[in-house]
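Chemist:
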Amino acid sequence: MLSLSPTTLSSSFSPKTLNPNRKPSNLRSLTAILSNSHHETERGFQFDIGDTFFRHESATGRDLGVLAAALYKKSNKNLRVLDAMCGCGIRSLRYLAEAEADFVLANDANEECNGVIVGNLLRVVKEEEGRWEVSHSVANRVLAEKYVEREYFDFVDVDSFGSDSSFFRLAFDVVKIGGLLYVTSTDGFSSGGHRPNHSLAAYGAYIRPLPYSNEIGLRMLIGGAMREASVLGYHVSPLFSYYSYHGPVFRVLLRLNRGKPPHGIHYRFIGYCESCGHSQAISWDKLGQMKCPCGSDAPDSLVVSGPLWTGPLHCASYLTEMHTLAGEWGWLGDGTKNDLDKLLLRMIDESDPSLPFGYIQLDEIASRAKVNSPRLVTLMSAIQQNGYNVSRSHISNNAIKTNCPMSECIRITKDIQNA
Ligand SMILES: C[S@@+](CC[C@H](N)C(=O)[O-])C[C@H]1O[C@@H](n2cnc3c(N)ncnc32)[C@H](O)[C@@H]1O
Ligand SMILES: [Zn+2]
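Its first residue numbered 1, the sequence shown is counted upward by one per residue in full-length UniProt numbering.
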């Protein structure tokens, strides 16, 4: 019997642990039939998680993926999905039932998931319909095989652990041009700047600690994908970027496009001045002249990270379509803590292209201003009255995104608190 621990599988685990010639059919394995049943319900679908890796808290990431897949199906009429690390198969089930995928390949390297996955998919689509298949290879192997077989997909979901980025290039080989790639990182150490050599290896970005590290996690993931896509003569556009503190999980939906990006490239370095709190994007040709406008000559005050994605995290019109569809499906306003309505509206707000990367914690402004934190709504309206744009951040409840420089935020905050 195989004894692979789902939490330890990765791109680097030896394919020798699985028989590469075995073509696992959709038949349930004996071990899985004998394994414990643990039932869960999500969006009205009951399914078994058995002993597979499953997290309730990832439901919002699944909702977002299903909405995007459904929009794709509506506009392209056809939807072939590759769910490369499917666990119990809940995503595959939902891509079939809710996004009405024409075909889903549900893959998980762990053969012991077989019975659970097959049982779950049978709940929504009969095997005879030929709308799904289950396989058990490492993701890179499935992607490579599909590329060799010239079988392309509209939507590839890779729900990986850690900072696995080894699948990027193969994934771009099997995603159709105009198709979607939904990728993951759960590496909070790298986004927090605690493993710069690791983020450099995984995403080509040397990341140092920054006050908006959870946004950096999304930007390093997009940047890494962007770099790999450009090797093949493609570029990617982020349709949405979602951070969840459970994990943490960084999820990004990318559209694959042919050729270079149309409007130059938002792939630069980020500089944060610890002396004054000012952030700036640094282009490649300015690498030798990095200095904060505050003129600080305190040693090491300028913290530089990158290269990474410095453009908008999302596409507002795309998110608006997702929001409309979620409304049609009755998914909005359920009043729960993870309210999808609130999340999507906040993401739409922060898509404003005039807003720079990063967010500013109110506590940071208050501590630099040496006053108590103002109320978030009060500060936001004062910033707007001063002619700047501002939104909340979906990543942090007590932070703002704004094109108002830190020095101005401090002045405005002092005015509010001393008024
Ligand atoms: C985060 S879990 C998947 C959860 C699932 N997508 C969901 O939404 O419930 C990751 C899964 O990937 C599998 N896995 C790990 N490394 C893999 C690899 N290199 N190729 C394919 N599957 C892998 C694990 O067995 C595990 O079931
Ligand atoms: Zn400065």
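The beta-carbon is built from N, C-alpha and C at its ideal position, and this holds for glycine as well. No experiment lies behind these values; they were computed from the predicted model shown.
Express the C-alpha separation of residue 367 and residue 374 in angstroms, rounding to a whole number.
Modeler: Straight-line Cα distance between these residues: approximately 11 Å.
Chemist: Apart from the five residues on each side of it in sequence, which residues of its chain come closer than 8 Å, Cβ to Cβ, to residue 153?
Modeler: Around residue 153: 80, 81, 82, 105, 146, 174, 175, 176 and 179.
Chemist: Any idea what DSSP makes of residue 177, helix, strand or coil?
Modeler: The answer is strand: DSSP assigns residue 177 an E or B state.
Chemist: Starting from the N-terminal end, write out each residue whose C-beta falls within a distance shorter than 7 Å of any non-hydrogen atom of ligand 2.
Modeler: Checking every Cβ against the heavy atoms of ligand 2 under 7 Å gives 273, 275, 276, 278, 292, 293, 294, 296 and 301.
Chemist: Just to confirm, is the Cβ distance from residue 124 to residue 170 under 8 Å?
Modeler: The answer is no: Cβ separation not under 8 Å.
Chemist: For residue 369, which option in 307, 281, 315 and 413 has the closest C-alpha, if you only look at C-alpha atoms?
Modeler: Checked all of 307, 281, 315 and 413; the closest Cα to residue 369 is 413.
Chemist: Report the three-state DSSP secondary structure of residue 270 (helix, strand or coil).
Modeler: Of the three classes helix, strand and coil, the one that applies to residue 270 here is strand, per DSSP.
Chemist: Below 7 Å, is the gap between the Cβ of residue 58 and the nearest heavy atom of ligand 1?
Modeler: At least one heavy atom of ligand 1 is nearer than 7 Å to the Cβ of residue 58, so yes.
Chemist: For the beta strand (DSSP E) that residue 281 lies in, which residues bound it at each end?
Modeler: That run of the beta strand (DSSP E) goes 279 to 282.
Chemist: Does the separation of the CB atoms of residue 303 and residue 221 fall below 8 Å?
Modeler: No, they are not a contact pair.
Chemist: For residue 204, verify whether its CB is less than 7 Å away from any heavy atom of ligand 1.
Modeler: Answer for residue 204: no, Cβ out of range of ligand 1.
Chemist: To the nearest angstrom, how far is the alpha carbon of residue 301 from that of residue 325?
Modeler: Taking the straight line joining both Cα atoms gives about 46 Å.
Chemist: Look at residue 59 and residue 155 and say whether their C-beta atoms are less than 8 Å apart.
Modeler: Cβ distance not < 8 Å, so residue 59 and residue 155 don't count as in contact.
Chemist: Alpha carbon to alpha carbon, how far is residue 391 from residue 310? Give it in angstroms, no decimals.
Modeler: Those two C-alpha atoms are separated by around 17 Å.
Chemist: Do you know how far the Cα of residue 160 is from the Cα of residue 417?
Modeler: The straight-line gap from Cα to Cα measures roughly 46 Å.
Chemist: In terms of DSSP beta bridges, what is residue 107 paired with?
Modeler: Paired residues: 135.
Chemist: What does the Cβ neighbour count give for residue 201, buried or exposed, with the cut at 16 atoms within 10 Å?
Modeler: It is exposed - the Cβ of residue 201 has fewer than 16 other Cβ atoms within 10 Å.
Chemist: In terms of DSSP beta bridges, what is residue 38 paired with?
Modeler: In the DSSP output, where bridge partners are listed per residue, residue 38 has none listed.
Chemist: Rounded to whole angstroms, what is the Cα-Cα separation between residue 298 and residue 120?
Modeler: So the alpha carbons of these two residues sit roughly 59 Å apart.
Chemist: Is there contact here, the stretch 236 to 244 with the stretch 313 to 324, by at least three beta-carbon pairs under 8 Å?
Modeler: Yes, the stretch 236 to 244 touches the stretch 313 to 324.
Chemist: Report the rounded CA-to-CA distance for residue 133 versus residue 363, giving the unit in angstroms.
Modeler: Answer to the nearest angstrom: the Cα atoms are 51 Å apart.
Chemist: Out of 61, 294 and 226, state which residue places its alpha-carbon closest to the alpha-carbon of residue 94.
Modeler: Taking only the C-alpha atoms, the option nearest residue 94 is 61.
Chemist: Taking 7 Å as the cut-off, is the C-beta of residue 62 nearer than that to any heavy atom in ligand 1?
Modeler: Correct: residue 62 has its Cβ closer than 7 Å to ligand 1.
Chemist: Quick check on residue 52: does DSSP put it in helix, strand or coil?
Modeler: Coil.
Chemist: Taking the alpha-carbon positions, what's the residue 197 to residue 128 distance?
Modeler: Spanning the two alpha carbons is a distance of roughly 49 Å.
Chemist: Determine the closest residue to residue 388 out of 65, 400, 76 and 77, with distance taken between C-alpha atoms.
Modeler: Nearest of 65, 400, 76 and 77 to residue 388, Cα basis: 400.
Chemist: Would you mind giving the Cβ-Cβ distance between residue 279 and residue 206, rounded to the nearest angstrom? I have them listed as a contact below 8 Å.
Modeler: Incorrect: roughly 17 Å between the Cβ atoms, too far for contact.
Chemist: Provide the residue span of the alpha helix (DSSP H) that contains residue 363, from first to last.
Modeler: Element bounds for residue 363: 362 to 369.
Chemist: Excluding the 5 residues flanking residue 408 on each side, which residues of the same chain have their C-beta closer than 6 Å to its C-beta?
Modeler: Nothing meets the Cβ criterion.
Chemist: Could you tell me if the beta carbon of residue 347 falls within a distance shorter than 7 Å of some heavy atom in ligand 1?
Modeler: It does not: the Cβ of residue 347 is nowhere closer than 7 Å to a heavy atom of ligand 1.
Chemist: Would you mind working out which of 353, 115 and 245 sits nearest residue 48, comparing C-alpha positions?
Modeler: Taking only the C-alpha atoms, the option nearest residue 48 is 115.
Chemist: Should residue 54 be listed as close to ligand 1, given that the test is whether its C-beta is under 7 Å from any heavy atom?
Modeler: True, at least one ligand heavy atom lies under 7 Å from that Cβ.
Chemist: Note down the Cα distance separating residue 77 from residue 254, rounded to an integer number of angstroms.
Modeler: Cα to Cα, residue 77 sits roughly 19 Å from residue 254.
Chemist: Measuring only from the beta carbon, is residue 139 closer than 7 Å to any heavy atom that is part of ligand 1?
Modeler: Yes, Cβ of residue 139 sits closer than 7 Å to a heavy atom of ligand 1.
Chemist: Counting only runs that start and end within the stretch 173 to 236, where is the alpha helix (DSSP H) found for 4 or more residues in a row?
Modeler: As far as the stretch 173 to 236 is concerned, its whole alpha helix (DSSP H) runs of at least 4 residues are 188 to 191, 196 to 203 and 213 to 231.
Chemist: Which residue from 191, 112 and 244 puts its Cα closest to that of residue 52?
Modeler: Ranking 191, 112 and 244 by Cα distance to residue 52 puts 112 first.
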